[in-house]
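Notes to accompany the following structure.
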Amino acid sequence: MSIDSRTPPAQLPQSNDPCWCGSGRRYKRCHKGLEGRITPGVISPMRAVPSNIARPPYADTGKVTRWDEPRVKSPDVIARMRVACDMAADILRLAGEFVRPGITTNDIDVFVHDLTIERGAYPSPLNYHGYPKSVCTSVNEVICHGIPDSTVLHDGDIINLDVTCYVDGVHGDTNATFFVGNVDDENRRLVRVTEECTWKGIGAVKPDRPLSDIGKAIEDHANKHRLGVVRAFIGHGIGEQFHTDVQVLHYYDARNNMIMKPGMVFTIEPMITLGTWQHKMWDDDWTAVTADGKRTAQFEHTVLVTETGVDVLTAGPKAVSPRDPS
Ligand code: MF3
Ligand code: CO
Ligand code: CO
Numbered sequence: 000m001s002i003d004s005r006t007p008p009a010q011l012p013q014s015n016d017p018c019w020c021g022s023g024r025r026y027k028r029c030h031k032g033l034e035g036r037i038t039p040g041v042i043s044p045m046r047a048v049p050s051n052i053a054r055p056p057y058a059d060t061g062k063v064t065r066w067d068e069p070r071v072k073s074p075d076v077i078a079r080m081r082v083a084c085d086m087a088a089d090i091l092r093l094a095g096e097f098v099r100p101g102i103t104t105n106d107i108d109v110f111v112h113d114l115t116i117e118r119g120a121y122p123s124p125l126n127y128h129g130y131p132k133s134v135c136t137s138v139n140e141v142i143c144h145g146i147p148d149s150t151v152l153h154d155g156d157i158i159n160l161d162v163t164c165y166v167d168g169v170h171g172d173t174n175a176t177f178f179v180g181n182v183d184d185e186n187r188r189l190v191r192v193t194e195e196c197t198w199k200g201i202g203a204v205k206p207d208r209p210l211s212d213i214g215k216a217i218e219d220h221a222n223k224h225r226l227g228v229v230r231a232f233i234g235h236g237i238g239e240q241f242h243t244d245v246q247v248l249h250y251y252d253a254r255n256n257m258i259m260k261p262g263m264v265f266t267i268e269p270m271i272t273l274g275t276w277q278h279k280m281w282d283d284d285w286t287a288v289t290a291d292g293k294r295t296a297q298f299e300h301t302v303l304v305t306e307t308g309v310d311v312l313t314a315g316p317k318a319v320s321p322r323d324p325s
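Heads up: the sequence shown runs through residues 0 to 325, numbered per numbering that gives the first Met the number 0.
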């Protein structure tokens, strides 16, 4: 049983009375003025991964020690990444089909966790820098890294699911934003343009060009639609480690001048907003929300730079089909 902390009663309490959500806190210290916003729910205990599944180095400690991983991957690493990326894309698609009004974000975590293990992979987010769950679930004004909890999905919400699989020593990382029931036109447009932004960025991937071409393509498209581009979270190199030193900005900055070379693998994952690009952090130090409370969407792919352009490793036949841009 979960308490739906997003459905206030018709008659709201007085400031000093107990909050309507059942937390036991005073209304003024809990949901007052936050009706309609996403607020922290109850996080269930961390789930276990069976011992037959190979674990990344941080799985037991929550501590991530980085090492100097080659930016240009060997054919062997690329072949293994294709498998991890296909799997992440397949699980993301199935998780998206599972989304509906009335379920909790924790229900989605259970679904992704169990499916990942069933496929023989480790869910990369679990205990990464101490992250407590196996998928990120970011609802409405949550930009990214929302932690699955007792929050109930409502008709009209939008939710980003970010799935990463660790299998055969490598990670594959992809995310998409899904509709919960019937979503209004403004939010449909936000999600559509965000997906377009991601593909504009992917279209700018070319060997011997600087990474800044990607941010330029994304920002131009967002500007054209008068939408904001979040700056605090960026795409990243990926491979044997979840995040490597390659940084992919989603806005134009001439200093993002690393040259793309065939064999490099990184993510492109723009977060686009209806209002400000500025963010605020919750006290959990994970959940990032828009500073103005307006909604935001995100799509992510893991891409390989080829001799002639790009190979989108997380867009295989098992992936969520890109929305028709019409
Ligand atoms: N998958 C996210 C990304 O796109 C990272 C999640 S980090 C976690 O980079 F710890 F929250 F899992
Ligand atoms: Co990523
Ligand atoms: Co991701």
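No residue lacks a Cβ here, since even glycine has one placed at the ideal position from N, Cα and C. Being a predicted model, the structure only gives us computed values, none of them experimental.
Does the Cβ of residue i have 16 or more other Cβ atoms within 10 Å, making it buried, or fewer, making it exposed?
i, result
"methionine 0", "No answer about methionine 0 holds up, because its pLDDT of 48 lies below 50 and its placement is not dependable."
"asparagine 255", "buried"
"glycine 236", "buried"
"glutamate 140", "buried"
"glutamine 10", "exposed"
"histidine 128", "exposed"
"isoleucine 2", "exposed"
"methionine 270", "buried"
"arginine 294", "buried"
"asparagine 222", "exposed"
"serine 137", "buried"
"glycine 23", "exposed"
"alanine 231", "exposed"
"proline 55", "buried"
"methionine 280", "exposed"
"alanine 88", "buried"
"aspartate 67", "exposed"
"alanine 253", "exposed"
"serine 320", "exposed"
Measure the alpha-carbon distance for residue i versus residue j and round it to whole angstroms.
i, j, result
"asparagine 105", "asparagine 51", "24 Å"
"aspartate 156", "valine 41", "19 Å"
"proline 49", "glycine 119", "10 Å"
"histidine 170", "cysteine 84", "7 Å"
"threonine 193", "glutamine 277", "17 Å"
"arginine 188", "alanine 47", "39 Å"
"glycine 200", "cysteine 20", "42 Å"
"arginine 79", "glycine 35", "43 Å"
"proline 69", "valine 151", "42 Å"
"glycine 308", "valine 302", "10 Å"
"asparagine 181", "tryptophan 198", "25 Å"
"proline 206", "isoleucine 77", "17 Å"
"histidine 220", "asparagine 159", "20 Å"
"leucine 113", "valine 288", "The sequence given here has aspartate at residue 113, not leucine. About 28 Å."
"arginine 225", "glutamine 297", "16 Å"
"threonine 305", "threonine 38", "43 Å"
"aspartate 75", "glutamate 185", "44 Å"
Determine which residues share a DSSP beta bridge with residue i and list them.
i, result
"alanine 47", "Alanine 47 is not bridged to any residue."
"cysteine 143", "Ala287"
"leucine 303", "Val264 and Asp310"
"serine 137", "Asn159"
"arginine 271", "The sequence shown places isoleucine at residue 271, not arginine. In DSSP, isoleucine 271 forms a bridge with Val228 and Ala296."
"lysine 279", "Val288"
"glycine 171", "Cys164"
"glutamine 246", "His235"
"phenylalanine 178", "Ile157"
"threonine 103", "Val151"
Tell whether a beta-carbon distance below 7 Å holds between residue i and residue j.
i, j, result
"threonine 337", "alanine 290", "The chain is shown from 0 up to 325; residue 337 falls before or after that span and cannot be answered."
"methionine 45", "proline 131", "yes"
"threonine 176", "valine 190", "yes"
"valine 245", "lysine 72", "no"
"glutamate 268", "glycine 234", "yes"
"threonine 115", "cysteine 164", "yes"
"glycine 168", "asparagine 126", "no"
"threonine 286", "glycine 145", "yes"
Below 7 Å CB to CB, which residues in the same chain sit around residue i once its five sequence neighbours on both sides are set aside?
i, result
"valine 111", "Ile90, Ala94, Pro122, Ser133, Val134 and Val162"
"histidine 153", "Arg5, Pro100 and Val179"
"valine 311", "Ile201, His300 and Val302"
"aspartate 283", "Pro39 and Ile146"
Take residue i and list the residues in its own chain whose beta-carbon comes closer than 6 Å to its own, dropping the five residues that flank it on each side.
i, result
"aspartate 212", "Ala203"
"histidine 30", "Cys18 and Cys20"
"aspartate 16", "Tyr26"
"serine 43", "Asn105"
Leaving aside the five residues before and after residue i along the sequence, list all residues of the same chain whose C-beta is less than 8 Å from its C-beta, in chain order.
i, result
"proline 209", "Asn255, Asn256, Met257, Ile258 and Met259"
"serine 14", "Arg25, Tyr26, Lys27 and Lys31"
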